[in-house]
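Engineer: Read the sequence shown against this note's numbering and you will find it ends at 351, with the numbers running on by one and no gaps.
Note that the Cβ used here is the ideal one computed from N, Cα and C, for glycine as well.
Since the structure is predicted, the reported quantities are computational estimates derived from the model, not experimental observations.
For reference, the structure I am asking about is given below.
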Amino acid sequence: MAIVNNNLVAKIERLKKQKNAIILAHYYTLNDVQDIADVVGDSLALAQEAEHLQADIVVMCGVRFMAETVKILAPNTKVLLPDWQAGCSLAESCQLADFEQFKQQHPDHIVVSYVNTTADIKSLTDICCTSSNALAIVNSLPKDAKIIFAPDKNLGNYINAQTGRNMLLWDGACHVHEQFSVESIVELKQQYPQAKVLAHPECKKQVLLLADKIGSTAALLAYTQQSPSTQFLIATEAGILHQMQKLSPQKQFIPVPPVDSTCGCTDCNYMKLNTLQKIADVLEHETNEILMDENLRQQAQKSIVRMLKISNNNGNLLNKK
Ligand code: SF4
31 MAIVNNNLVA
41 KIERLKKQKN
51 AIILAHYYTL
61 NDVQDIADVV
71 GDSLALAQEA
81 EHLQADIVVM
91 CGVRFMAETV
101 KILAPNTKVL
111 LPDWQAGCSL
121 AESCQLADFE
131 QFKQQHPDHI
141 VVSYVNTTAD
151 IKSLTDICCT
161 SSNALAIVNS
171 LPKDAKIIFA
181 PDKNLGNYIN
191 AQTGRNMLLW
201 DGACHVHEQF
211 SVESIVELKQ
221 QYPQAKVLAH
231 PECKKQVLLL
241 ADKIGSTAAL
251 LAYTQQSPST
261 QFLIATEAGI
271 LHQMQKLSPQ
281 KQFIPVPPVD
291 STCGCTDCNY
301 MKLNTLQKIA
311 DVLEHETNEI
321 LMDENLRQQA
331 QKSIVRMLKI
341 SNNNGNLLNK
351 K
């Protein structure tokens, strides 16, 4: 297996050089994918990277909305998605026709959408946000603004609680973050009484209430590095444990199990579709290219650019090689 992987890594490196390509990877991808990526980050960091791309080809190891975001921000770059089936249950919970109708019912509302949406939804959005910058984005709007927030109701509820707003929430959720077991956190806390509980704001309120730190993947990663604690219970997709362990090898990271899932784990099955073999294949044949209607791209771009203007003042959370 190691020889196969070494050969694939060598092939990917050769193709990258030949084609002036780079690989972007989300924290939730497989460990060996994260290890060969030029940039590993959360949605915000990857979008910030896309703004400044010098490459001719980008292989986006993540899910489709992330590859679309790169295309929206870097229209002259060829963007490839290693597996065409890499969708997102959260993005899919917000379909264009339904959302158009919802928006029409509330014409005086500003639309804030989480970046986990299709390009179609972004084109109907006034300003995007990620879990890294959601509070700053919502706080940048007038106090009395009427706001629709889509598609994640858990993140929306969290922002409402933190900002005192009363945003109208779309009823969507991520199948991974909805699954964390409150009972398991309580049991694990008995086993590891010193451990800090870290949770992503896409988790349900019951989980967030038990958390010592709530934040985006990048914020949770930074917390594990800065905290004097040595044990952490992690309630977000388990791929992030790879970077946590790499950056703090002496500390212990325990994934919070789900209430119920077929794998008994908290993996995002979409993110895990990205493999070294598929990266090598799409790079070699330049397949699975993201194509987008130019009008749609320009419409969607506005909401992301507005977000980046606010976020770029807050620093860039990247793990670059
Ligand atoms: S973890 Fe959830 S929100 Fe993230 S890509 Fe997977 S399904 Fe979508």
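(1) Note down, in chain order, each residue of its chain lying with its Cβ closer than 8 Å to the Cβ of residue 284, except the 5 sequence neighbours on either side.
(2) With DSSP as the reference, label residue 83 as helix, strand or coil.
(3) By Cβ distance, which residues of its chain are closer than 6 Å to residue 289, with the 5 residues on each side in sequence left out?
(4) Can you determine whether any heavy atom of the ligand SF4 sits closer than 8 Å to the C-beta of residue 233, and answer yes or no?
(5) Are there any heavy atoms of the ligand FMN lying less than 8 Å away from the beta-carbon of residue 188, as far as the coordinates show?
(6) Determine the extent of the beta strand (DSSP E) in which residue 283 is found, giving its start and end residues.
(7) Name the two residues that bound the continuous alpha helix (DSSP H) containing residue 134.
(8) At which residues does the beta strand (DSSP E) containing residue 248 begin and terminate?
(9) Any residue with its Cβ nearer than 7 Å to a heavy atom of the ligand SF4 should be included. What is that list in chain order?
(10) From residue 235 to residue 188, what does the alpha carbon distance come to, in whole angstroms?
(11) Report back the beta-carbon spacing between residue 386 and residue 228 to the nearest angstrom; my notes put them in contact at under 8 Å.
(12) What are the start and end residues of each continuous alpha helix (DSSP H) run of 4 or more residues lying completely inside the region 105-184, in chain order?
Structural biologist: Short version:
(1) Closer than 8 Å at the Cβ level, and outside the excluded window around residue 284, lie 218, 222, 225, 261, 262, 263 and 264.
(2) Residue state, collapsed to three classes: coil.
(3) Within its own chain, the residues whose Cβ lies closer than 6 Å to the Cβ of residue 289, once the five positions on either side in sequence are excluded, are 209 and 211, listed in chain order.
(4) It does not: the Cβ of residue 233 is nowhere closer than 8 Å to a heavy atom of the ligand SF4.
(5) In the structure shown, the ligand FMN is absent; the only ligands present are the ligand SF4.
(6) Counted as a single uninterrupted DSSP element, the beta strand (DSSP E) harbouring residue 283 occupies residues 282-285.
(7) Taken as a continuous stretch (DSSP letters only), the alpha helix (DSSP H) holding residue 134 covers 126-135.
(8) Taken as a continuous stretch (DSSP letters only), residue 248 belongs to no beta strand (DSSP E), being part of the alpha helix (DSSP H) at 247-256.
(9) Checking every Cβ against the heavy atoms of the ligand SF4 under 7 Å gives 58, 93, 118, 119, 120, 121, 146, 204, 205, 206, 207, 232, 267, 298, 300 and 301.
(10) Between residue 235 and residue 188, the C-alpha separation is close to 8 Å.
(11) This structure gives no information on residue 386, because the portion of the chain shown stretches from 31 to 351.
(12) Fully enclosed alpha helix (DSSP H) runs of no fewer than 4 residues occupy 119-122, 126-135, 149-153 and 164-169 of the region 105-184, in order along the chain.
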